[in-house]
Amino acid sequence: MRASRMMSLLLHLQVRGQATGAELARLLEVSERTVQRDAEALSAAGVPIRSTRGPAGGYRLDGGYRTRLTGMGLDEAGALAFLGLAGPADDLGLGSLLEGARVKLWAGLTGAARDRAMSTAARFHLDPVRFFGTPEPVPCLSALARAVWSDRRARIVYTVRSGETATREVDPLGLVLAAGVWYLVATRDGARRTYRVSRVRAVDELPAPVRRPRDFDLAEAWSAARAELERERTAVEVTLRIAGHALGRLRETLPVHGHDRLPASCSGDVTVTVPYESVDWACTALLGLGAAVEVLGPPRVRARIAAELRAAAARYPA
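Quick note, the sequence shown lines up with residues 26 to 343 if you use my numbering.
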């Protein structure tokens with residue numbers, strides 16, 4: 026354990042050039058005294074590590090010293106898929122592995138390559154969670170991730186739309202994070218299925234291996250699954266007249282497959298027909314657009330919008 030920690034200390038200095046004892050203690054999750062002892066041990070072993078006191082002090086490597094002992098373990102290599110996505114990596118229990126892999130990658134860069142990597146890291150950040158969203162509890166995510174990693178079948182207890190629970194034996198093929206929501210892509214009885222991870226109540230990993238379809242591509246499978254989910258959840262199509270300046274706000278209320286029904290821009294009013302997953306959501310979304318939109322049909326949606334507007338207007342007498 027100490028050898029691994031000392032190697033991490035060395036790699037952090039190789040990446041950073043210089044770091045204070047407090048910074049290293051935070052990165053390594055140890056005390057500053059432990060950092061000092063490790064630095065002294067490295068120095069005694071011939072590593073040219075130096076410490077200086079004062080506000081600008083800290084630890085550094087003299088003479089451009091570099092180590093090539095940056096061998097990456099299999100688990101760390103697997104975690105590289107989450108570079109830039111620390112939150113999801115933590116959800117899957119890969120946070121520490123990802124950090125170790127990241128440090129080793131940076132330690133192996135020199136000159137212009139390191140400058141470019143540092144410049145990119147300072148200018149781009151990925152945040153996959155939607156605004157104003159509360160993350161769903163996913164207590165079974167790590168268990169599903171283990172089944173996916175080990176390519177083992179799983180028996181899951183799942184809450185279906187009716188609110189009842191059902192037990193399913195599935196072949197887990199991959200996990201997808203979409204707009205802050207985790208989904209399991211799997212096959213059951215030879216057919217592809219998609220499960221919302223927050224609805225999984227229990228997971229039992231089975232000894233049988235996953236029967237993975239030949240040439241399976243998770244990104245393509247998710248794209249198809251998403252399109253199917255959105256089509257299944259389209260309960261109403263609404264025809265409306267909308268001002269061109271409100272098209273962007275309307276687009277935000279629609280599922281992805283409804284975006285191509287809108288013009289890119291329009292200077293005046295335009296008439297469009299768009300899908301919604303329920304009458305309730307259609308009314309909520311369209312009322313939020315105020316006078317910029319007029320619902321033309323279906324009659325039940327127009328009547329409900331009109332009733333809501335009359336009730337709201339009654340609360341604000343002239």
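C-beta: ideal position from N, C-alpha, C; glycine also. Quick caveat, the model's predicted, so the values are computed rather than measured.
C-beta atoms of residue i and residue j nearer than 8 Å
| i | j | result |
| --- | --- | --- |
| Val326 | Ala307 | yes |
| Thr278 | Gly322 | no |
| Ala50 | Glu57 | yes |
| Ile267 | Val228 | no |
| Val235 | Leu169 | no |
| Val163 | Trp207 | yes |
| Asp63 | Arg41 | no |
Backbone CA spacing between residue i and residue j [nearest angstrom]
| i | j | result |
| --- | --- | --- |
| Leu198 | Glu255 | 21 Å |
| Leu275 | Asp305 | 16 Å |
| Ala352 | Ala337 | What the structure shows of the chain is the stretch from 26 to 343, and residue 352 is not part of that stretch, so it cannot be assessed. |
| Ala246 | Pro73 | 52 Å |
| Val185 | Glu54 | 42 Å |
| Val281 | Ala249 | 12 Å |
| Ile330 | Gly293 | 23 Å |
Of the listed residues the options, nearest to residue i (C-alpha basis)
| i | options | result |
| --- | --- | --- |
| Asp176 | Gly215, Ala316 and Val195 | Val195 |
| Ser167 | Arg226, Asp214, Arg218 and Thr212 | Arg226 |
| Gly283 | Arg180, Ser290, Val299 and Cys165 | Val299 |
| Gln39 | Val320, Arg85, Ala69 and Trp174 | Arg85 |
| Leu314 | Asp242, Gly273 and Arg335 | Gly273 |
| Ser187 | Ala179, Glu230 and Arg224 | Arg224 |
| Arg178 | Leu209, Arg78 and Thr309 | Leu209 |
| Thr45 | Leu34, Gly82, Ser33 and Val163 | Gly82 |
| Glu161 | Glu253, Arg239, Ala203 and Asp214 | Ala203 |
Per-residue DSSP class, three states only, for residue i
| i | result |
| --- | --- |
| Leu314 | coil |
| Gly83 | strand |
| Leu287 | coil |
| Thr278 | coil |
| Ala252 | helix |
| Ser76 | strand |
| Leu94 | Here Leu94 scores only 46 on pLDDT, less than 50, and its place in the model should not be relied on; the value that follows carries that caveat. Leu94 falls in the coil class under three-state DSSP. |
| Gly199 | strand |
| Pro324 | helix |
| Ala244 | helix |
| Thr184 | strand |
| Thr390 | Because the chain spans 26 through 343 in this model, residue 390 falls outside it and cannot be assessed. |
| Leu105 | Caution applies to Leu105, whose pLDDT of 43 falls short of 50 and renders its modelled position unreliable; the value that the coordinates give is listed next. Leu105: helix per DSSP, three-state reduction. |
| Arg193 | strand |
| Arg239 | coil |
| Val344 | Not covered by the structure: residue 344. The range shown for the chain is 26 to 343. |
| Arg340 | coil |
| Glu319 | strand |
Element boundaries [beta strand (DSSP E), containing residue i]
| i | result |
| --- | --- |
| Glu262 | Val261 to Ala268 |
| Arg213 | Val206 to Arg213 |
| Glu344 | Examination of residue 344 is not possible in this model, given that the chain is present from 26 through 343 alone. |
| Arg217 | Ala216 to Arg221 |
N-terminal and C-terminal residue of the alpha helix (DSSP H) that residue i is part of
| i | result |
| --- | --- |
| Ala170 | Leu166 to Ser175 |
| Ala271 | Run containing Ala271: none; DSSP gives neither H nor E here. |
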